[in-house]
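Peer 1: Sequential numbering from 1048 applies to the sequence shown in our numbering.
Backbone N, C-alpha and C fix where the C-beta goes; we use that ideal spot for every residue, glycine too.
Starting off with a structure, shown below.
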Amino acid sequence: MSRHSVCTTTRSRWVLGALVVGLPLSLLPATAGAQPAVAPAAAAADRGWHGQPTPLPKVPVMTGSGGAVSSVDRDASQVGIDVLARGGNAADAAVATAAALGVTEPYSAGIGGGGFLVYYDARSRKVSTIDGRETAPATFTDKTFTDAATGKAMDFNTVVNSGLSIGVPGTPALWAKALRDHGTLSLNAALKPAERLAATGFVVDQTFADQTAANAARFSVFPETAKVFLRGGQAPAVGSVFTNPDMARAYRTLRTHGTEALYAGALGRAIVAESRAPHTKAGSSVMGGQMTRADLRAYRALTKAPIHSQYKGYDVYGMPVPSSGGIAVAEILNLVQAYEDRTGVSTSDLSDVDYLHRFSEASATAFADRNRWVGDVPDVPVKELTDPAFAAERACLFDPMKAQARPIPFGSPDGAYTSCAPGTVAQSEPYEGQSTTHLTATDRWGNVASYTLTIEQTGGSGITVPGYGFLLNNELTDFNFTPLTPGVPDPNLPGPGKRPRSSMSPTILLDDGKPFLAVGSPGGATIITSVSQTILGYLDRDLSLVDAIAAPRLSSRNGSSEGAEPAILSGPTGAALTAMGHKLASAGTPNEIGAVTAIRSLRGGLFEAAAETTRRGGGSAMVVHPR
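What follows is the structure, given as structure tokens:
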């Protein structure tokens, strides 16, 4: 299928699917020109907001008008679609969907975490960003994660499961700022659907059950977490209804009292108390954190100019520091273009093996530069790192037949790009948690939101705020505990009020100044490679959007090996890459890289929403008026 093809879903197929699972027909997408996919009033009743929720199907691609939402979760996407159907815009839908994901994806996102929003405003025709990343307490120093007795880094897992890993949450502040700057709804209205969903429950899928079971041992250390997520000491059964009345209380508190409840009120006091002295079961103890109420009061979600680059005529906008996503995606795309220029062979004309070889070399090189130069510091050489001339210099060592030895040394983004001297210092790959979630939303007026949010690892710190039902992040473990390479400045060491470096890469592409594609993914450091690979698959490999998302992934991050999904690792493509010098390894449990969602803006007011076909159980792509 050509990437220009439009995938449609007929009503007859939806009816058949509904009959199989016993869905009411009021939940079916309407035909073109009819009412919204779910009539808002009927949706509330049929989806169980006044009773038990009904299991709803997911589809990975849908085309139509009126606006679109794509996320990993059916209930969350429906919340966003309901907002759009009622006249809300992309910012409103993004906040409401994100809040719902905090209910159905509580191990990936929620009130206790942070995130980044890239937003296209149709009225001003400009892209801006909101930085809602968590911050370190004011007492943090570059030695906070150094063992004073040994001078070495503290044990990573010990820090993760402790109060010391918890940063000041930024998600509620981002929600309020996004609505204030771009939305039409109040925070009160935007959080109501999430409160209802938490109170009445959602149907447990395999991913939620598996994630709970995988974290059961560490969750059991914290009585409040065990009470909320391990009822009866067990992970919830697939197909059961999971309610979280404590989280409903948290949303009710936020929407009725505003974010002041967290940053200056009772909810914030509860967060500080639990992070400083976490409650544990008898016989267990964990380190306390350093967060104070003053740290909460000092927090701000920040408007920042986006990272702007170009690729084959498209304007690419991504997230700036403290995210490394916008910079790294830009450098990967620049390197791919530089390889084309050096070899005279277009990426679209390559075999799968040669394409993945190029992609691997580009991503490993970009990570070498990202690890050395990017962090929450004032002197990040952003302009140089995203300059095509820098990429051309970095590409001079590219061999179309052979992989460079890993780790690749970092480059010198100094503005003088005439030499081809190899770097002299290579750095190892830092660890970054694999959780997080992403959503994309657009509305009938052409506003576009690309929003990635997280609590870091799956399950965050494992610590739940008593009485409020949400997990606190372990985001501060995204700092490098000690310098990545002795003797080399490290921009990602902890510090007072500092925001840890992230790989979150919410991205928006414009074509001649108009929205073209919004895309993003969860997956820790693999986010950068998932987003880049999806963009390249769609633009250069003649794949439809859903096929570009579904394509087998490779993630080369300048480590001793590069993660590959089974379709690559175990097949002839993997064998050929290995013969070129690539050291492939399993992508890890569950052998998946990323979970992309995207929306393509088509002509005539149409949108194509797309999501994963199988990863994380498949995503949920929706439009207001399906075609």
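Could you tell me which of Gly1114, Ala1645, Thr1576, Ser1603 sits nearest to Gly1372, measuring between CA atoms?
Peer 2: Counting from one through the sequence shown, the residue named residue 1372 turns up at place 325. The candidate whose alpha carbon is nearest that of Gly1372 is Thr1576.
Peer 1: Can you tell which of Thr1327, Val1126, Asn1262 has its C-alpha closest to the C-alpha of Pro1513?
Peer 2: Translated into positions along the sequence shown, residue 1513 becomes position 466. If we check each option's Cα against that of Pro1513, Thr1327 comes out closest.
Peer 1: How far does the alpha helix (DSSP H) with Asp1396 in it reach, from first residue to last?
Peer 2: Looking up residue 1396 in the sequence shown gives position 349. Counting along the chain, Asp1396 falls outside any alpha helix (DSSP H), and DSSP gives it neither H nor E.
Peer 1: List the whole-angstrom C-beta distance separating Leu1631 from Ala1658, where the pair is believed to meet the contact cut-off of C-beta under 8 angstroms.
Peer 2: Mapped onto the sequence shown, residue 1631 falls at position 584. Mapped onto the sequence shown, residue 1658 falls at position 611. Wrong, their Cβ atoms sit about 26 angstroms apart, outside the cutoff.
Peer 1: Excluding the five sequence neighbours on either side, which residues of its own chain have a C-beta within less than 6 angstroms of the C-beta of Ala1623, listed in chain order?
Peer 2: Counting from 1 along the sequence shown, the entry for residue 1623 is found at position 576. Closer than 6 angstroms at Cβ, skipping near neighbours: Val1400.
Peer 1: How would you call Phe990, buried or exposed, if buried means at least 16 neighbouring beta carbons within 10 angstroms?
Peer 2: Here the chain covers residues 1048 to 1674 and nothing more, so residue 990 does not appear.
Peer 1: What do you get for Met1669, buried or exposed, if any count of 16 or more other CB atoms within 10 angstroms of its CB means buried?
Peer 2: Within the sequence shown, numbered from 1, the residue matching residue 1669 stands at position 622. Per the 10 Å Cβ criterion, buried.
Peer 1: With DSSP run on the structure shown, which of helix, strand or coil describes Phe1654?
Peer 2: Taking the first residue of the sequence shown as position 1, residue 1654 is located at position 607. DSSP places Phe1654 in strand when its eight states are reduced to three.
Peer 1: Taking buried to mean at least 16 other C-beta atoms within 10 Å of its own C-beta, is Phe1203 buried or exposed?
Peer 2: Within the sequence shown, the letter at position 156 stands for residue 1203. Exposed.
Peer 1: Among Gln1281, Gly1135, Ile1354, which one has its Cα closest to the Cα of Val1174?
Peer 2: Residue mapping note: residue 1174 aligns to position 127 of the sequence shown, counting from 1. For the residues Gln1281, Gly1135, Ile1354, the minimum Cα distance to Val1174 belongs to Ile1354.
Peer 1: For Ser1579, collect the residues of the same chain with a Cβ closer than 6 angstroms to its Cβ; drop the 5 residues on either side in sequence, then sort them by chain order.
Peer 2: Translated into positions along the sequence shown, residue 1579 becomes position 532. Same-chain partners within the cutoff: Val1376, Ile1379.
Peer 1: How many angstroms separate the CA atom of Gly1666 from the CA atom of Pro1619?
Peer 2: Residue 1666 sits at position 619 when you count from the first residue of the sequence shown. Residue 1619 sits at position 572 when you count from the first residue of the sequence shown. Approximately 28 angstroms between the Cα atoms of the pair.
Peer 1: Is the beta carbon of Ser1331 sitting closer than 7 angstroms to the one on Gly1210?
Peer 2: What you label residue 1331 is simply residue 284 of the sequence shown in a count that begins at 1. What you label residue 1210 is simply residue 163 of the sequence shown in a count that begins at 1. Not in contact: Ser1331 and Gly1210 (Cβ atoms no closer than 7 angstroms).
Peer 1: At which residues does the beta strand (DSSP E) containing Ala1645 begin and terminate?
Peer 2: Along the sequence shown, read from residue 1 onward, the residue named residue 1645 stands at position 598. Its beta strand (DSSP E) spans residues 1644-1648.
Peer 1: Terminal residues of the continuous alpha helix (DSSP H) containing Leu1624?
Peer 2: Mapped onto the sequence shown, residue 1624 falls at position 577. Run containing Leu1624: 1619-1626, per the alpha helix (DSSP H) assignment.
Peer 1: Between which two residues does the alpha helix (DSSP H) containing Tyr1310 stretch?
Peer 2: Mapped onto the sequence shown, residue 1310 falls at position 263. Per DSSP, Tyr1310 belongs to the alpha helix (DSSP H) from 1307-1310.
Peer 1: Thr1573 by DSSP, collapsed to three states: which one?
Peer 2: Working through the sequence shown from its first residue, we reach residue 1573 at position 526. Reduced to three states, the DSSP call for Thr1573 is helix.
Peer 1: Excluding five sequence neighbours on each side, which residues of the same chain lie with their C-beta closer than 6 angstroms to the C-beta of Thr1661?
Peer 2: Counting from one through the sequence shown, the residue named residue 1661 turns up at place 614. Here the set comprises nothing.
Peer 1: Is the CB of Glu1440 under 7 angstroms away from at least one CB in chain C?
Peer 2: The chain inventory of the structure shown lacks chain C, comprising one protein chain alone.
Peer 1: Can you give me the Cβ contacts of Glu1440 inside the same chain, cut-off strictly under 6 angstroms, excluding the 5 residues immediately before and after it?
Peer 2: As a first step, residue 1440 must be located in the sequence shown, where it is residue number 393. Within the same chain, Glu1440 has close Cβ partners Tyr1464.
Peer 1: Nearest by alpha-carbon distance to Thr1024: which of Val1106, Pro1107, Ser1118 is it?
Peer 2: For the chain, the structure presents residues 1048 to 1674; residue 1024 sits outside this window and is missing.
Peer 1: When you compare each of Ala1138, Ser1124, Pro1541, Pro1569 to Val1424 by their alpha carbons, which one comes out closest?
Peer 2: Your numbering for residue 1424 matches position 377 in the sequence shown. Taking only the C-alpha atoms, the option nearest Val1424 is Pro1541.
Peer 1: Are there 16 or more other CB atoms within 10 angstroms of the CB of Met1448, so buried, or fewer, so exposed?
Peer 2: By one-based count along the sequence shown, residue 1448 stands at place 401. Exposed, by the Cβ-count rule.
Peer 1: Is the distance from the Cβ of Gly1114 to the Cβ of Asp1490 below 7 angstroms?
Peer 2: Position 67 of the sequence shown holds residue 1114. Position 443 of the sequence shown holds residue 1490. Going by C-beta atoms, Gly1114 is nearer than 7 angstroms to Asp1490.
Peer 1: Report back the beta-carbon spacing between Gly1422 and Arg1604 to the nearest angstrom; my notes put them in contact at under 8 angstroms.
Peer 2: Working through the sequence shown from its first residue, we reach residue 1422 at position 375. Working through the sequence shown from its first residue, we reach residue 1604 at position 557. Contact doesn't hold; Cβ gap of about 16 angstroms is too wide.
Peer 1: Going by DSSP, what residues sit across from His1355 in a beta bridge?
Peer 2: Taking the first residue of the sequence shown as 1, we reach residue 1355 at position 308. Note: His1355 sits in a beta bridge opposite Tyr1364.
Peer 1: How long is the line joining the alpha carbons of Ile1502 and Thr1390, rounded to whole angstroms?
Peer 2: Taking the first residue of the sequence shown as 1, we reach residue 1502 at position 455. Taking the first residue of the sequence shown as 1, we reach residue 1390 at position 343. If you take the alpha carbons of Ile1502 and Thr1390, they lie about 42 angstroms apart.
Peer 1: So within the region 1506-1566, which uninterrupted beta strand (DSSP E) runs reach at least 3 residues, ignoring any that extend past its ends?
Peer 2: As far as the region 1506-1566 is concerned, its whole beta strand (DSSP E) runs of at least 3 residues are 1554-1558.
Peer 1: Only counting the same chain, and skipping five residues up and downstream in sequence, which positions put a Cβ closer than 6 angstroms to that of His1672?
Peer 2: The sequence position of residue 1672 within the sequence shown is 625, counting from 1. Excluding sequence neighbours, His1672 sits near Gly1111, Ser1112, Gly1113.
Peer 1: Once you ignore the five residues that flank Arg1265 on each side, which residues in its own chain have a CB closer than 8 angstroms to its CB?
Peer 2: Stepping through the sequence shown from its first residue, residue 1265 is reached at position 218. Result list for Arg1265: Asn1208, Gly1506, Gly1509, in chain order.
Peer 1: Contact defined as beta carbons within less than 8 angstroms: I believe Leu1148 pairs with Asp1120. What is the distance between those atoms, to the nearest angstrom?
Peer 2: Taking the sequence shown and counting its residues from 1, one reaches residue 1148 at position 101. Taking the sequence shown and counting its residues from 1, one reaches residue 1120 at position 73. Right, the Cβ-Cβ distance comes to about 6 angstroms (below 8 angstroms), so this counts as a contact.
Peer 1: Would you check if the distance between the CB atom of Ala1245 and the CB atom of Asn1291 is smaller than 7 angstroms?
Peer 2: Mapped onto the sequence shown, residue 1245 falls at position 198. Mapped onto the sequence shown, residue 1291 falls at position 244. Cβ distance < 7 angstroms, so Ala1245 and Asn1291 count as in contact.
Peer 1: Tell me whether the region 1217-1226 and the region 1158-1178 touch, counting them as touching only if at least three CB pairs, one residue from each stretch, are closer than 8 angstroms.
Peer 2: As far as the Cβ criterion goes, the region 1217-1226 touches the region 1158-1178, which means the pair count is three or higher.
Peer 1: Could you tell me the distance, in whole angstroms, from the CA atom of Arg1296 to the CA atom of Pro1599?
Peer 2: Position 249 of the sequence shown, counting from 1, holds the residue named residue 1296. Position 552 of the sequence shown, counting from 1, holds the residue named residue 1599. One C-alpha to the other measures close to 41 angstroms.
Peer 1: Closest to Asp1293 by C-alpha separation, out of Ala1345, Leu1314, Tyr1310, would be which residue?
Peer 2: Taking the sequence shown and counting its residues from 1, one reaches residue 1293 at position 246. Nearest C-alpha to Asp1293: Leu1314.
Peer 1: Report yes or no: do the region 1553-1572 and the region 1242-1259 share at least 3 C-beta pairs separated by less than 8 angstroms?
Peer 2: With the cut-off at 8 angstroms, the region 1553-1572 and the region 1242-1259 do not touch.
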